[in-house]
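**Q** Structure provided below as structure tokens; questions to follow.
Protein chains: 2
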Amino acid sequence: MTERALQDLLDALRRLPGVGARSAQRMAFHLLQHDREGARRIAAALQAADRQVRHCERCYTFTEGVLCSICLDPRRDARLLAVVETPADQAALERSGSFRGLYFVLMGRLSPLDGVGVRDIGMAPLLERTGDSALEEVIVATSFTAEGEATAALIAQALAGRGIKVTRLARGVPAGSELEYVDLSTIAHALSDRR
Amino acid sequence: MTERALQDLLDALRRLPGVGARSAQRMAFHLLQHDREGARRIAAALQAADRQVRHCERCYTFTEGVLCSICLDPRRDARLLAVVETPADQAALERSGSFRGLYFVLMGRLSPLDGVGVRDIGMAPLLERTGDSALEEVIVATSFTAEGEATAALIAQALAGRGIKVTRLARGVPAGSELEYVDLSTIAHALSDRR
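Okay, here's the thing in structure tokens:
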């Protein structure tokens, strides 16, 4: 396996997150031996996405136009803005079918240990976005991890005194779970946020 | 994430072995948000490998020429032929630095449960390859798994009566291991193959 094109492929595949030397070898072997058509499709899809995908000018998520389909949808409630970390989190909220407002996607979260600071997430465009006069409430829907909480605190701080209501997703017992197996901190939050 | 180019990329990435919906999303997000250069490099490497990589006409491994660099090397001992399952296994033998013969790469192993039969691995080219008059010994270096053993048995059977010595890699206790932690079947083999 010291041939040039093969070695280049192994090196390139290792740039994928979570892919080490062994996975890269397995992927290259599979594509070259069993799925040449797949190799060509992945290459074409990567090139098309690189050319066409950019950030929505309004909510910062990935899109192929100037604005994404959600920002363009006139049926969405412009008074509500959910701030999420990633397009995947946005997709999860959409799947729940219970949010009809708009989004702002930070494309990251504060993570000092990984060198991700305030400048590396979309705080400046978020502040600009929240200047919209139609906006009444910002729902901070970052993760309930240390990093997500720090990001949420930063957002709350940045939006303080701008006349916008800032809320956070409720913490509590997940649907379908038995109390016995729920961790203590979740139970404590569910108790204090009881309604 | 319902945009066309993005969805195509997610679908394409799922053709990689071991990559499900979540990994594909993580990979696409990482490349588009943090490593556009990586996306272009992977695409180019896939296309180059698809165009240039084919099978060595002599040993069936991946190569960019008619014959691979090992088959072309006049210093290799043409009397010895190691039969391995994959280029990765071949690379492992090479790294050991203790084999100076040639190789034959099956590009698979018998696996009836996965629908991999005799026709799907390189048995016909192997039989042709072993017609070489310089050849004295075939070292069957397939894995010591049920599938690897079945493949080894098939090879031994196919080569029987052709005047070639057929050997198998020794089974035994791995270097650096304490007997206490070695599995019983390995110890049994190490005992019966003691020297």
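Protein chains in written order, with the working numbering: chain U, 1 to 195; chain C, 196 to 390.
Built from N, CA and C at the ideal position, the CB exists for glycine as well.
Keep in mind it's a predicted model, so treat the numbers as computed, not measured.
Which one of U:Leu9, U:Ala78, U:Val53 and U:Cys68 has the shortest CA to CA distance from C:Asp229?
**A** With the sequence shown as reference, residue 229 of chain C is identified as His, and Asp is not the correct amino acid for it. Closest by alpha carbon: U:Val53.
**Q** Tell me U:Tyr103's beta-bridge partners as DSSP assigns them.
**A** Answer is U:Ala82, bridged to U:Tyr103.
**Q** Might you give, ordered along the chain, the residues of its own chain that have their beta carbon closer than 6 Å to the beta carbon of U:Ile139, omitting 5 neighbours on each side?
**A** Excluding positions up to five away in sequence, the list reads Ala82 and Thr167.
**Q** Using a 10 Å radius around the Cβ and a threshold of 16 neighbouring Cβ atoms, would you call C:Glu373 buried or exposed?
**A** C:Glu373 should be labelled exposed.
**Q** When you compare the CB positions of U:Arg14 and U:Ala24, do they come within less than 7 Å of one another, or not?
**A** Yes, the Cβ-Cβ distance between U:Arg14 and U:Ala24 is below 7 Å.
**Q** Would C:Ala287 count as contacting chain U if we go by Cβ distances under 7 Å?
**A** Not an interface residue.
**Q** Just confirm the distance between the C-beta atoms of C:Leu322 and C:Arg274, as a whole number of angstroms; I'd bet it's less than 8 Å.
**A** Not really, about 18 Å apart at Cβ, beyond 8 Å.
**Q** Please identify, using Cβ separations under 9 Å, the residues of the stretch 208–219 of chain C that lie next to chain U, in order along the chain.
**A** Under the 9 Å Cβ criterion, the stretch 208–219 of chain C contributes Leu208, Arg210, Leu211, Pro212, Gly213, Val214, Arg217 and Ser218.
**Q** For a contact defined as C-beta to C-beta under 9 Å, what are the partners of C:Arg339 on chain U?
**A** According to the sequence shown, residue 339 of chain C is Phe rather than Arg. Near C:Phe339 there are no residues of chain U at all, since even the closest Cβ is about 18 Å away, more than 9 Å.
**Q** Could you work out which residues of chain U lie near C:Gly233, taking near to mean beta carbons separated by less than 7 Å?
**A** By Cβ distance, chain U contributes Arg15.
**Q** From the beta carbon of C:Phe257, is the nearest beta carbon of chain A less than 7 Å away?
**A** In the displayed structure, chain A is absent; the protein chains listed are U and C.
**Q** Any idea if C:Arg253 is buried or exposed, counting beta-carbon neighbours within 10 angstroms, 16 or more meaning buried?
**A** Per the 10 Å Cβ criterion, buried.
**Q** Using the beta-carbon of each residue, which ones in chain U are nearer than 8 Å to C:Met302?
**A** Correct list: Gln33.
**Q** Would you please verify whether the beta carbon of C:Met196 is less than 7 Å from any beta carbon of chain U?
**A** At C:Met196 the pLDDT is 43, less than 50, meaning the model places this residue with poor confidence and gives no usable figure here.
**Q** Counting along the chain, where does the alpha helix (DSSP H) carrying C:Arg246 start and finish?
**A** That run of the alpha helix (DSSP H) goes Arg231 to Gln247.
**Q** Between C:Met196 and C:Ala216, what straight-line distance do the alpha-carbon atoms span, to the nearest angstrom?
**A** With a pLDDT of 43 at C:Met196, under the threshold of 50, the modelled position of this residue cannot be trusted; read the value that follows with caution. Distance between the alpha carbons of C:Met196 and C:Ala216 is about 13 Å.
**Q** Is the CB of U:Ile121 under 7 Å away from at least one CB in chain C?
**A** Answer no: the Cβ-Cβ gap between U:Ile121 and chain C never drops below 7 Å.
**Q** Is the beta carbon of C:Ala243 closer than 7 Å to that of U:Ala44?
**A** Result no, Cβ atoms of U:Ala44 and C:Ala243 do not sit closer than 7 Å.
**Q** Taking Cβ positions only, does U:Asp77 come closer than 7 Å to chain C?
**A** No, its Cβ sits nowhere closer than 7 Å to a Cβ of chain C.
**Q** Could you name the residues of the same chain whose beta carbon sits closer than 7 Å to that of U:Leu159, not counting the 5 residues immediately before and after it, in chain order?
**A** If we look at U:Leu159 and ignore the five residues flanking it on each side, its Cβ neighbours are Thr130, Val138 and Val166.
**Q** For a contact meaning CB atoms closer than 9 Å, what does C:Asp203 contact in chain U?
**A** Result: Arg41, Ala44, Ala45, Ala48 and Ala49.
**Q** With the cut-off set at 7 Å, would you say C:Leu308 and C:Thr346 are in Cβ contact?
**A** Result no, Cβ atoms of C:Leu308 and C:Thr346 do not sit closer than 7 Å.
**Q** Tell me the rounded alpha-carbon separation between C:Asp327 and C:Glu342.
**A** C:Asp327 and C:Glu342: Cα-Cα distance of roughly 27 Å.
**Q** Could you pull out every residue in the same chain whose Cβ sits closer than 7 Å to the Cβ of U:Asp77, ignoring the five residues on either side in sequence?
**A** Counting only Cβ-Cβ distances below 7 Å, and skipping sequence neighbours, we find Arg100 and Gly101.
**Q** Can you check DSSP and say which residues form a bridge with C:Asp272?
**A** According to DSSP, C:Asp272 bridges with C:Gly296.
**Q** Comparing the C-beta of U:His55 with each C-beta of chain C, is any distance below 7 Å?
**A** With 7 Å as the cut-off, U:His55 does not count as an interface residue toward chain C.
**Q** C:Thr256 and C:Val300: beta carbons closer than 7 Å?
**A** Yes, the pair counts as a contact, with Cβ atoms nearer than the cut-off.
**Q** When the distance is taken between beta carbons, is C:Leu241 closer than 7 Å to U:Ile42?
**A** Yes, the pair counts as a contact, with Cβ atoms nearer than the cut-off.
**Q** Could you confirm whether any beta carbon from chain U is found closer than 7 Å to the beta carbon of C:Arg221?
**A** Answer yes: the Cβ-Cβ gap between C:Arg221 and chain U drops below 7 Å somewhere.
**Q** Please classify U:Pro125 as buried or exposed, where buried requires at least 16 neighbouring CB atoms within 10 angstroms.
**A** Buried.
**Q** With DSSP as the reference, label U:Ser109 as helix, strand or coil.
**A** Checking the sequence, you will find Arg at residue 109 of chain U rather than Ser. Note: U:Arg109 maps to coil in three-state DSSP.
**Q** Taking C-alpha atoms, which residue in U:Glu3, U:Asp183, U:Gly176 and U:Ile164 lies nearest to C:His250?
**A** For the residues U:Glu3, U:Asp183, U:Gly176 and U:Ile164, the minimum Cα distance to C:His250 belongs to U:Glu3.
**Q** Rounded to the nearest angstrom, what separates U:Val116 and U:Glu94 at their Cα positions?
**A** Going from the Cα of U:Val116 to the Cα of U:Glu94 covers about 27 Å.
**Q** Would you mind telling me which residues of chain C sit closer than 9 Å to U:Phe29, beta carbon to beta carbon, in chain order?
**A** Result: Pro212, Phe257, Thr281, Pro282, Ala283 and Met302.
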